[in-house]
Amino acid sequence: MEFFRYLGAGTRESFTKLGRGSFFLISILAGISSVCVRPRLLLKQLHSVGVLSFLIITISGLFVGMVLGLQGFYILSRFGAEETLGVMVATSLVRELGPVVAALLFAGRAGSALTAEIGLMKATEQLSGMEMMAIDPIKRIISPRFLAGFLSMPLLAALFSAVGIIGGQMVGTGLLGVDDGAYWSQMQANLDFRGDIVNGVIKSIVFGFITSWIALFEGYDAIPTAEGVSRATTRTVVNSAFSILGLDFILTALMFGDN
Amino acid sequence: MQHTHTQDTLVGLFVATGIASLFFLGLQVSNLSSFSHGNTYEITARFSNSGGLKVKSAVSAAGVKIGSVKAITFDQKTYESVVKMDIDAQYKTLPDDSSASVYTAGLLGEQYVSLDGGGSDEYLKNGSKIEITNSALVLEKALGQFLFKSAEEKKATPSPTNDKKGKK
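Quick note, the sequences are listed as chains X and E, same order. If you count by this note's numbering, then the first sequence holds residues -1 to 257, one letter each, in order. If you count by this note's numbering, then the second sequence holds residues 1033 to 1200, one letter each, in order.
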């Protein structure tokens, strides 16, 4: 009996959280128009969310591409198909690894920072202070951060894929002796702009949306204590990772299911 | 003031790099740059078997890529494969008795259409049909024929082997 009571309470709580999250999202989206009037706020957040994630994304992308080049070469050379290394590296990066790994890194690097920042603002009653001054904290604090995350994510994912492909080329043609022309031409012949690149960008837009939403909501919804903020930060990373990977499966099934 | 200026610059650099990598993906990685809208004309060829030919497979003449396959359909009346190809408009002096063949690049490579020029004075133009075609080589069929032939040869000339055995 006790078990069912816990199950029921858990269900009720997750539904109320989902409801609060949805209302929060609606007010964020409503606040976006006021961000456009003050681009300075957005620019500051683009700096802390996008520019500061730049380095980790570039370096991770380079190494992921280099590892793909090495592993791909060892497997493909068994079948005498080293020339298709470019196709393998580019397809896996553009379709899957670019959006997914960049989003996971983004959640760890920028999402956790957003949650901690907002949670601490709440704990030190800065948000209530703003309300006392008749400044809407959602319009002033939350919406610019959301928009910055939403805009940065596709750029970071594209950067990740591009750097990864160059990394794969460095290892493949520089180290392992794959023909440079074959690397690029096979890639160009087998990758489709609409089918591969645009779908990858759509994925990263969805991930940017969901990650920014989760990070900001967890911060805004955090219990305003040191422990509450720390838990909220953990929840941001865990929930973002779950939703990114889950949504990736659904999106992949929808986009690439028929071929 | 100095601080916001650096911030502006950094954000600008970030956005520029992001957009540049999107362009890189579009132009260098996928085949967007090889699109040449409008500057192509369409020709059709019928093959009894077009093998593993796909939409966007290359069409080449003398090994140079001059166009791509636009559509492959199955003709229910003649049981043939109808291949529509877009040829780049700058190659407008292909004789209209050229022949089309489906070849494979390398042993495991992609299949492509190769156009071999004929001797006619008339040129291929939009909507032309290529009459002479060679189908794709199906590996299983060719292997089967080869095995069948060598088996027949063995049957037809059993005596010399027997003789050799006998002499030894």
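Just so you know, even glycine gets a beta-carbon here, dropped at the ideal spot from N, CA and C.
Exercise. Label X:Lys201 either buried or exposed according to how many other C-beta atoms from any shown protein chain fall within 10 Å of its C-beta, with 16 as the threshold for buried.
Key: Buried: at least 16 other Cβ atoms inside 10 Å.
Quiz item: Checking contacts by CB at 8 Å: is X:Gly48 closer than that to chain E?
Solution: It does: the Cβ of X:Gly48 has a partner Cβ on chain E nearer than 8 Å.
Self-check item: Buried/exposed call for E:Ser1080, threshold 16 Cβ in 10 Å
Solution: It is exposed - the Cβ of E:Ser1080 has fewer than 16 other Cβ atoms within 10 Å.
Quiz item: Fully enclosed by the stretch 69 to 154 of chain X, which alpha helix (DSSP H) runs are 4 residues long or longer?
Solution: As summarised for the stretch 69 to 154 of chain X, the continuous alpha helix (DSSP H) elements at least 4 residues long and confined to that stretch are 83 to 89, 96 to 104, 110 to 121 and 124 to 130, given in chain order.
Exercise. Please compile the residues from chain X whose C-beta is within a distance smaller than 7 Å of the C-beta of E:Thr1049.
Key: At a beta-carbon threshold of 7 Å, the residues of chain X lying near E:Thr1049 are Leu157, ordered along the chain.
Self-check item: E:Gly1198, DSSP secondary structure in three states
Solution: Residue confidence is low: E:Gly1198 scores 45 on pLDDT, short of 50, so the model does not pin down where it sits. Its coordinate-derived value is still stated next. Residue state for E:Gly1198 is assigned as helix, using DSSP reduced to three classes.
Self-check item: Beta-carbon spacing of X:Thr205, X:Phe22 below 8 Å
Solution: Per the sequence shown, the amino acid found at residue 205 of chain X is Phe instead of Thr. Not closer than 8 Å, so no.
Quiz item: Any residues in the stretch 174 to 188 of chain X with a beta carbon nearer than 9 Å to a beta carbon of chain E? Which ones, in chain order?
Solution: Contact annotation: in the stretch 174 to 188 of chain X, residues whose CB is within less than 9 Å of a CB in chain E are Trp182, Gln184, Met185, Gln186, Ala187 and Asn188.
Exercise. Return helix, strand or coil for X:Tyr218, following the three-state DSSP convention.
Key: Taken through DSSP and simplified to helix, strand or coil, X:Tyr218 comes out as helix.
Quiz item: By DSSP, does E:Met1033 sit in helix, in strand, or in coil?
Solution: Low per-residue confidence applies at E:Met1033: pLDDT is 48, beneath 50, and the placement is therefore not dependable, though the value from the model is reported in the following sentence. Three-state result, E:Met1033: coil.
Self-check item: Supposed close pair X:Arg290, X:Leu102 - CB separation, criterion 8 Å
Solution: Residue 290 of chain X lies beyond the residue range present for chain X, which begins at -1 and ends at 257; the question has no answer from this structure.
Self-check item: Cα-Cα separation, X:Ala251 to X:Ser150
Solution: Approximately 25 Å between the Cα atoms of the pair.
Quiz item: Using the rule of at least 16 other Cβ atoms within 10 Å of the residue's Cβ for burial, across every protein chain shown, is X:Glu81 buried or exposed?
Solution: Residue environment analysis places X:Glu81 among the buried positions, since at least 16 neighbouring C-beta atoms fall within 10 angstroms of its C-beta.
Quiz item: Starting from X:Asp246 and walking both ways along the alpha helix (DSSP H), at which residues does that stretch end?
Solution: DSSP places X:Asp246 in the uninterrupted alpha helix (DSSP H) bounded by Ala224 to Phe254.
Quiz prompt | Length of the line joining the Cα atoms of X:Asn237 and X:Ile212 | solution = The straight-line gap from Cα to Cα measures roughly 7 Å.
Quiz item: Would the stretch 159 to 177 of chain X and the stretch 49 to 66 of chain X be scored as touching if the rule is three or more Cβ pairs under 8 Å?
Solution: Yes: at least three Cβ pairs fall under 8 Å.
Exercise. Kindly identify the DSSP beta-bridge partner or partners of E:Gln1143.
Key: According to DSSP, which records beta bridges pairwise, E:Gln1143 is partnered with E:Thr1136.
Quiz item: Touch check for the stretch 217 to 228 of chain X and the stretch 191 to 200 of chain X: three-plus C-beta pairs under 8 Å?
Solution: Three or more Cβ pairs closer than 8 Å define a contact, and the stretch 217 to 228 of chain X falls short of that threshold against the stretch 191 to 200 of chain X.
Quiz item: Can you tell me the Cα-Cα spacing of E:Lys1196 and E:Gly1176, whole angstroms?
Solution: A caution first: E:Lys1196 carries a pLDDT of 48, below 50, which makes its placement in the model unreliable, though a value can still be read off. Roughly 29 Å separates the two Cα atoms.
Quiz item: Over what stretch of residues does the beta strand (DSSP E) that includes E:Glu1112 continue unbroken?
Solution: Under the DSSP assignment, E:Glu1112 falls in the beta strand (DSSP E) whose first and last residues are Glu1112 to Asp1120.
Self-check item: X:Lys15 - DSSP class collapsed to helix/strand/coil
Solution: Three-state DSSP puts X:Lys15 in a helix.
Quiz item: X:Ile136: buried (16+ other C-beta within 10 angstroms of its C-beta) or exposed?
Solution: By the neighbour-count rule (16 or more Cβ atoms within 10 Å), X:Ile136 is buried.
Quiz prompt | Minimum Cβ-Cβ distance from X:Ala160 to chain E less than 8 Å | solution = Output row for X:Ala160: interface = yes.
Exercise. Under 9 Å between beta-carbons, which chain E residues line up against X:Ala88? List them in chain order, please.
Key: Leu1057, Val1061 and Ser1062, listed in chain order.
Quiz prompt | Contact with chain X by E:Gln1122, beta-carbon distance below 8 Å | solution = So no, E:Gln1122 is outside the interface.
Quiz prompt | CB contact check: X:Phe191 to chain E, cutoff 8 Å | solution = Closer than 8 Å: yes.
Exercise. Answer with buried or exposed for X:Leu39, where buried requires no fewer than 16 other C-beta atoms within 10 angstroms of its C-beta.
Key: Result: buried.
Quiz item: At which residues does the alpha helix (DSSP H) containing E:Gly1158 begin and terminate?
Solution: Note on identity: in this sequence residue 1158 of chain E is Asn, with Gly being the wrong assignment. Where E:Asn1158 is concerned, there is no enclosing alpha helix (DSSP H), given that its DSSP letter is neither H nor E.
Quiz item: Under a CB-based cut-off of 8 Å, is E:Val1043 close to chain X?
Solution: It does; some Cβ of chain X falls within 8 Å.
Practice problem: Measure the CB-CB distance between X:Ala146 and X:Val47 and report whether it falls below 8 Å. | Solution: Yes, they are a contact pair.
Quiz item: At which residues does the beta strand (DSSP E) containing E:Ala1090 begin and terminate?
Solution: Counting along the chain, E:Ala1090 sits inside the beta strand (DSSP E) bounded by residues Ala1090 to Ala1093.
Exercise. Answer yes or no: do X:Val235 and X:Ala105 have a C-beta to C-beta separation smaller than 8 Å?
Key: Remark: C-beta atoms of X:Val235 and X:Ala105 approach each other more closely than 8 Å.
Quiz item: Does DSSP classify E:Arg1078 as helix, strand or coil?
Solution: Secondary structure at E:Arg1078: strand, using DSSP grouped into helix, strand and coil.
Practice problem: Could you name the residues that DSSP lists as bridge partners for E:Lys1131? | Solution: Note on residue identity: the sequence assigns Ser, not Lys, to residue 1131 of chain E. Its beta-bridge partners are E:Asp1148 and E:Ile1164.
Self-check item: Classification of X:Ile133 by the beta-carbon crowding that lies within 10 angstroms, buried from 16 upward
Solution: That one is exposed.
Quiz item: Three-state secondary structure (DSSP) at E:Lys1097?
Solution: Correct three-state label for E:Lys1097: strand.
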